[in-house]
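Numbering of the sequence shown is given in my numbering, commencing with residue 4 and proceeding in unit increments. Each residue gets a CB set at the ideal place from its N, CA and C atoms; glycine is no exception. Contents: one structure, followed by commentary.
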Amino acid sequence: MCRSLHHNDLGCISRCPEGCCLHVYFGNVALCLKRAELAEWRAVVASLCEQHAHSQPDPHARCLVLPGAAAYQKFVFTLEELFLLYDLLMSASLLLEAEALLAASAT
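Structure (structure tokens):
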């Protein structure tokens, strides 16, 4: 069973029992990410949020695009959904960093 790291109105992020990957569920999409991939996705989503935060005339328009795993795949979001995805990714990253710091100090 996966251990949930964080959830919000858009979805959740959890770690597999073996700790090898993270499962990100948002809307109707599920991703399986390695830790390094989590950082990459977080950076891409943060950049897109920053780029459109003040210039998006309709925050409910589904017009912001993230690349998928293949060239023919795209993930389309509203600004609100993109911020919720960023919340999932950032919160999971912070929790993993805190766990790593606590584990290092315990040894």
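Check	Outcome
Which residue or residues does DSSP assign as beta-bridge partners of residue 86?	Looking at the DSSP assignment, residue 86 forms no beta bridge with any residue, so it has no partner.
To the nearest angstrom, how far is the alpha carbon of residue 26 from that of residue 62?	27 angstroms
From 44, 18, 82, pick the residue whose C-alpha is nearest to that of residue 72; which is it?	44
Do you know how far the Cα of residue 109 is from the Cα of residue 68?	42 angstroms
Determine the burial state of residue 30: buried for a count of at least 16 other Cβ atoms within 10 Å of its Cβ, exposed for fewer.	exposed
Are residue 12 and residue 97 close, meaning C-beta to C-beta below 9 angstroms?	no
Whose C-alpha, out of 48, 56, 39, 53, is nearest the C-alpha of residue 78?	48
Have a look at residue 66 and residue 9 and give me their C-alpha separation to the nearest angstrom.	26 angstroms
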